[in-house]
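Per my numbering, the sequence shown starts with residue 308, numbered consecutively. Idealized CB from N, CA, C, for every residue including glycine. From a predicted model like this one, the values you see are computed outputs, not experimental measurements.
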Amino acid sequence: RFAPHKPQHRSDISARRAMMSQIAERDILLSYPYESISPFLRLLDEAALDPDVTTIKITLYRVATNSRVVEALCQAAENGKDVLVLVELRARFDEENNIMWAKRLIDAGCTVIYGPHNMKVHSKLLLITRRTKDGLQYFTQIGTGNYNEKTSRIYTDLSLMTSNRQIAEDARHVFDALSTDSLVERSDRLLVAPLCLRSHILRMLEEEIHAAENGQEAYFAAKVNSISDRGLMDKLCEASQAGVKIELVVRGICCLKPQVEGYTDNIRIVSIVGRYLEHSRIYIAGTENRRRVYISSADFMTRNTIHRVEVAAPILDKKLKEQAFELVQLCLSDNVKARIGQPDGTFIHCESITDETAVNAQEIQYRRAVEASGQES
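If you want it as structure tokens, here you go:
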């Protein structure tokens, strides 16, 4: 059995100040399950009660059996706010639960929609609009995992909360499209599948290929659950052959073989199966000042990139960008729970590990969260 781990409360997030005030000052990136989901739940609760909040819009895929998220949305509607909730009724194994919650939301006065008839909505997106004396204020949350208090304690996920107006404007376009059974065709900050996400990833890889061909250091990394999108795999192979260093953390299905001479020589693949289910999706392109980092709900599978509505968000804050980058690097350095992909498609354990050289990425992240909380483990 594992020793108990309790999600930590960060000391730099005040329990006495409103979450909206703190997010207005700076972007906040939460890392579950090492850090608690409570700041996000506080944001929703505040929005439900704040008389200046006018609208709340959110996409729901899987929620907890006794969902505080749904209860906050119901309370907001009962308080007279315009609450729009997209409920994905086709979430596998959660169909009955989602139908039940959709009825509860409708009864409370929420506007419930179900998205395009021919594809699932898998994005994790929240948009809050608030009146101020200086005009409208927006708060957007984009996540890699569901709005689910239970899984936030056992899945690794990232949750970005921001007051960036460009991101909010893109989020508004997403909800407008979902409300009219249409798709987002262009977006300035967010990458929105099925029309704007895959093409942008391919473009980032093409830019790294161009950098490598011009003698620059070129780099691409991704942390995803699965890889099976043929177009993305072909472009990764092309990038490898051009000299781009590629590092991938893939927990589940992986149809790409690394270290195949002449094809994927420059691709390294690591899979981590540990205490927590690795679930966060992170895309990284470029080095140093050229580096771009996104968190996303989408894996590198055609079901995600072509057949679902997904959203990826850029990490714009320099400190948070470095945090997400270091998270991926830590996973790549794991030699306890990691398996290393081989040219024949198998994965093998790391060898010759001692207590002094052991790197367990999940345990290290938890220890760092404890340190950031100012508490003793």
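Helix, strand or coil for residue i, going by three-state DSSP, please let me know.
| i | result |
| --- | --- |
| residue 400 | coil |
| residue 584 | strand |
| residue 409 | helix |
| residue 464 | strand |
| residue 451 | coil |
| residue 673 | helix |
| residue 505 | helix |
| residue 434 | strand |
| residue 349 | helix |
| residue 632 | helix |
| residue 473 | helix |
| residue 493 | coil |
| residue 324 | coil |
| residue 653 | coil |
| residue 313 | coil |
| residue 575 | strand |
| residue 625 | helix |
| residue 663 | coil |
| residue 681 | coil |
| residue 418 | strand |
| residue 516 | helix |
| residue 610 | helix |
| residue 330 | helix |
Kindly list the residues whose CB is nearer than 6 Å to the CB of residue i, restricted to its own chain and excluding five residues on each side of it in sequence; keep chain order.
| i | result |
| --- | --- |
| residue 589 | 530, 602, 631 and 635 |
| residue 494 | 477 and 503 |
| residue 497 | 477, 618 and 620 |
| residue 390 | 363, 380, 383, 384 and 417 |
| residue 608 | 533, 535 and 536 |
| residue 611 | 605 and 617 |
| residue 350 | 326 |
Spatial neighbours of residue i within its chain, please: C-beta separation below 7 Å, excluding the five flanking residues on both sides.
| i | result |
| --- | --- |
| residue 585 | 463, 558 and 579 |
| residue 556 | 530, 577, 579, 635, 638 and 639 |
| residue 627 | 334 and 336 |
| residue 438 | 359 and 361 |
| residue 594 | 524 and 526 |
| residue 460 | 314 and 340 |
| residue 458 | 452 |
| residue 545 | 516 |
| residue 479 | 434 |
| residue 353 | 325, 326 and 327 |
| residue 475 | 434, 445 and 447 |
| residue 549 | 516, 519 and 520 |
| residue 312 | 673 |
Go ahead and label residue i buried or exposed: buried means 16 or more other beta carbons lie within 10 angstroms of its beta carbon, across all protein chains shown.
| i | result |
| --- | --- |
| residue 536 | buried |
| residue 322 | exposed |
| residue 422 | buried |
| residue 615 | buried |
| residue 431 | buried |
| residue 400 | exposed |
| residue 527 | buried |
| residue 369 | buried |
| residue 482 | buried |
| residue 355 | buried |
| residue 672 | buried |
| residue 684 | Low confidence applies to residue 684: its pLDDT is 48, below 50, so where it sits in the model is not reliable, and the reading given next is rough at best. Exposed, because fewer than 16 other Cβ atoms sit within 10 Å of the Cβ of residue 684. |
Once the 5 residues before and after residue i are set aside, which same chain residues still bring their CB inside 8 Å of it?
| i | result |
| --- | --- |
| residue 655 | 646, 647 and 649 |
| residue 566 | 572, 574, 575, 648, 649 and 650 |
| residue 492 | 502 and 503 |
| residue 509 | 538, 539 and 542 |
| residue 667 | 581, 641, 643 and 644 |
| residue 456 | 344, 348, 371, 374, 375 and 376 |
| residue 441 | none |
| residue 660 | 642 and 643 |
The ligand FMN heavy atoms versus the CB of residue i: any closer than 7 Å?
| i | result |
| --- | --- |
| residue 625 | This structure simply doesn't include the ligand FMN, nor any ligand for that matter. |
### Query
Which runs of the alpha helix (DSSP H), 4 residues or longer, sit entirely within the segment 535-571?
537-549
#### Entry: Inter-stretch contact at 8 Å, needing at least 3 Cβ pairs: the segment 568-582 / the segment 488-507
no
### Message
Within 8 Å, do at least three Cβ pairs link the segment 443-462 to the segment 418-427?
### Response
no
### Task
Say whether the segment 335-344 touches the segment 465-481, bearing in mind that this needs 3 or more beta-carbon pairs closer than 8 Å, one atom from each stretch.
yes
### Query
How about the segment 392-409 and the segment 509-521: do they share at least three Cβ pairs that are nearer than 8 Å?
no
### Task
Please go through the segment 350-399 and give each complete beta strand (DSSP E) segment of 3 or more residues, from N-terminal end onward.
360-367 and 389-394
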